[in-house]
Amino acid sequence: MLNWLFPNVVWERAWEKTNETLYMTGVSLIFIFLIGLGLGLLLFLTSKGNLWENRLINTLIASVVNIFRSIPFVILIVLLLPFTKLIIGKIIGEEAALPALIIGTAPFYARMVEIGLREIDKGVIEAAKAMGAKTSTIIWKVLLPESMPAIISGLTVTAIALVGYTAIAGVIGAGGLGDYAYLDGFSRNKNDVTFFATISILMIVFIIQALGDYIVKKIDKR
Amino acid sequence: MITVQNVTKIFQTKTGPVTAVDNVSLEIQEGEIFGVIGYSGAGKSTLIRMFNGLEKPTTGRINVFGKDLTKIKESELRKTRQEIGMIFQHFNLLWSRNVRENISFPLEVAKVPKEERKKRVDELIRLVGLEGKEENYPSQLSGGQKQRVGIARALANNPKLLLCDEATSALDPETTDSILDLLMEINQKLGLTIIMITHEMHVIRKICHRVAVMEDGKIVESGPVLEVFKSPKQPITKRFVRQVTEKEDTQEAINQLLEKYPSGKIVRLSFIGEAAEQPIISKLIKQSQATINIIQGNISQTRLGAYGNLYLHIKGKEEEICEAIRFLKGEQVEVEVIEHA
């Protein structure tokens, strides 16, 4: 049945390409989570009326975030080529896609984290201060747990955008399902391969969305 | 034990400086419940936040437990805050923690070992009457229950002072009373000093020993609650006192009576403490030739005695009315003849 639907799909290769996409998405997502969380916290804490209110640092981070969020991803990959070469040692392959994926997406996630943190009731932070809590305690025991649903749902949205970016990166040499759809499928006129790659990406996206929704539902006690 | 000296707080806003607290001085005794009443915007929220250093005064000094909060280091301020509990109008519980974990939070901040924490949380849950709700999340609790969690949390580190920021303003009257009873019980049982701000005179009347009335950042009147009830001096204080001693439609009813009986006189008697228990009316009716008609009356209990109001309509000949009023003035009551308002 599958062979009849997708006559040109070689299963080992399809599996390999899917794994490349999962690898790029997974590894960069870990970095994006850490960097985005850090930047999001800094954006929140240094904003007006907050614990580390600092206009200069806030403006600085906000500008960097906005700039990297605005550069179209294809252009960002090209711009980052020298940097990629420097830290990864090559400009082709899944690893070479990571710097661009992380730098292109972390600022987007940082903004989502910041929005999540802003939604925390100021009174709760005040209550923690009134108990004599240090800023680090407030971050770990108030800010992060109270914004966890937003942090997770933001990560879900980011991960889905990321899958899309890996496909773009794939077309210009990073491998993965994007590469599979374009090189093996489109350029060799094997439409069933393109179609198969599309379905695989959709399935990855649906699984990420379902997983994200499930976790948010589990942890949200509001 | 807590003194506030000439404290002023000025906020810089876009439209210019705003004086939230204006040269306030107060002294609060150990073990008392001290109320600050005022309408919103009077500066009472800013004032109460200075007792634990959440707001720093622009000028003036605040001394709590012998420490000058305006001078101590940040780390010492945090230590001091662990000796000061605070409860809030909107409870400010962490939704991500259940009742037990919420109450445990200040103990974690104070680095109490886990075993001890559990024991203390159990005690507190019993104290505030939340047995059986330990594993519930705030979203599953009623307003009154949430405030009980707030109180338990505020008491976790055995504070010497409890700050109540409009703690009952988001609750219905019945729940308000149960929370006030709990606060009164804690005050008596633990000898805890309580400072509370509110806009409800009912709260002051029910549990406070002393009260300060705040308007435009200034304390315009202060003293023992019964004194303030007996003879409110400022117009704003009179308004607050009327909140609990007079029904809203009293003035209307009196106006109608004045129109209906232009011959008679309407007097208001104010009873305080002992006098509230004397049979004055009975004596008046026996002695006087005038007809005495009771229009409306009420009595409210403060912590230090009863306070009541009685409206009488006195009809009869001019001299009989004067005689009756003279008699009343001779008794231990305050008499006020009401004219058309």
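Those protein sequence lines, which keep their order, are chains C and P. Just so it is clear: in the first sequence, position 4 is 4 by our numbering, and no numbers are missing. Just so it is clear: in the second sequence, position 217 is 217 by our numbering, and no numbers are missing. Where is the CB? At the ideal position from N, CA and C, for every residue including glycine. Only a predicted model underlies this, so the values are computations on that prediction, with no experimental measurement involved.
E55(P): CB within 8 Å of a non-hydrogen atom of the ligand MG: The ligand MG is not part of the structure shown, which contains no ligands of any sort.
CA-to-CA distance, K73(P) to N23(P), given in whole angstroms: Between N23(P) and K73(P), the alpha-carbon positions lie close to 24 Å from each other.
Nearest-angstrom Cα separation, counted from K265(P) out to A341(P): In this prediction, A341(P) scores a pLDDT of 46, lower than 50, which makes its location untrustworthy; no coordinate-derived value is stated.
Reference A110(P); option with closest CA among E131(P), G85(P), I272(P) and Q147(P): The shortest Cα separation from A110(P) among E131(P), G85(P), I272(P) and Q147(P) belongs to G85(P).
Closest residue to L93(P) among R120(P), G143(P), T70(P) and N255(P) (Cα-Cα distance): Residue G143(P) is the option with its Cα nearest to L93(P).
Cβ-based burial, V18(P) [other Cβ within 10 Å; buried from 16]: By the neighbour-count criterion, in which a residue is buried when 16 or more other Cβ atoms sit within 10 angstroms of its Cβ, V18(P) is exposed.
Validate contact between the region 1-12 of chain P and the region 40-59 of chain P using beta carbons, cut 8 Å, 3 pairs: With the cut-off at 8 Å, the region 1-12 of chain P and the region 40-59 of chain P touch.
Cβ neighbour criterion (16 or more within 10 Å) applied to T84(C): If you draw a 10 Å sphere on the C-beta of T84(C), you find 16 or more other C-beta atoms in it, and that means buried.
Per-residue DSSP class, three states only, for S25(P): Looking at S25(P) - three-state DSSP - the assignment turns out to be strand.
Chain C within 9 Å of K346(P), Cβ atoms only: Any answer about residue 346(P) is impossible in this case: the structure gives chain P only from 1 up to 341.
Limits of the unbroken beta strand (DSSP E) element including S288(P): It is not in any beta strand (DSSP E) - S288(P) carries neither H nor E in the DSSP assignment.
Chain B residues whose Cβ lies nearer than 9 Å to that of A210(C): No chain B appears in the structure shown, which is made up of the protein chains C and P.
Cα-Cα separation, R100(P) to V205(C): Cα-Cα distance, rounded: 38 Å.
Rounded C-alpha distance that separates P145(C) from V241(P): Between P145(C) and V241(P), the C-alpha separation is close to 45 Å.
Simplified DSSP state of K14(P), which is helix, strand or coil: Here DSSP, grouped into helix, strand and coil, assigns K14(P) to coil.
CB of T46(C) within 9 Å of CB of E53(C), strictly: Judged by beta-carbon spacing, E53(C) lies within the 9 Å limit of T46(C), meaning their Cβ atoms are closer than that value.
Residues in the region 130-152 of chain P having any Cβ partner in chain C nearer than 7 Å: Answer set for the region 130-152 of chain P: Y137 and S139.
Inter-residue spacing [alpha-carbon to alpha-carbon] between N157(P) and G43(P): Whole-angstrom Cα-Cα distance: 28 Å.
Contacts of L94(P) in chain C (Cβ-Cβ under 9 Å): The CB of L94(P) comes closer than 9 Å to the CB of V124, A127, A128, K141, V142, P145 and E146 in chain C, given here in chain order.
Whole-number beta carbon distance between I236(P) and V220(P), since they are thought to touch under 8 Å: Between I236(P) and V220(P) the Cβ distance is about 6 Å, and since that is below 8 Å, they are a contact.
Cβ-based neighbour list, S222(P), same chain, cut-off 6 Å, excluding 5 preceding and 5 following: The answer, listed in chain order, is A212.
Residues, ordered as in the chain, of the region 95-111 of chain P that lie near chain C by beta-carbon distance below 9 Å: Residues of the region 95-111 of chain P whose Cβ lies closer than 9 Å to any Cβ of chain C, in chain order: W95, S96, R97, N98, F105, P106, E108, V109 and A110.
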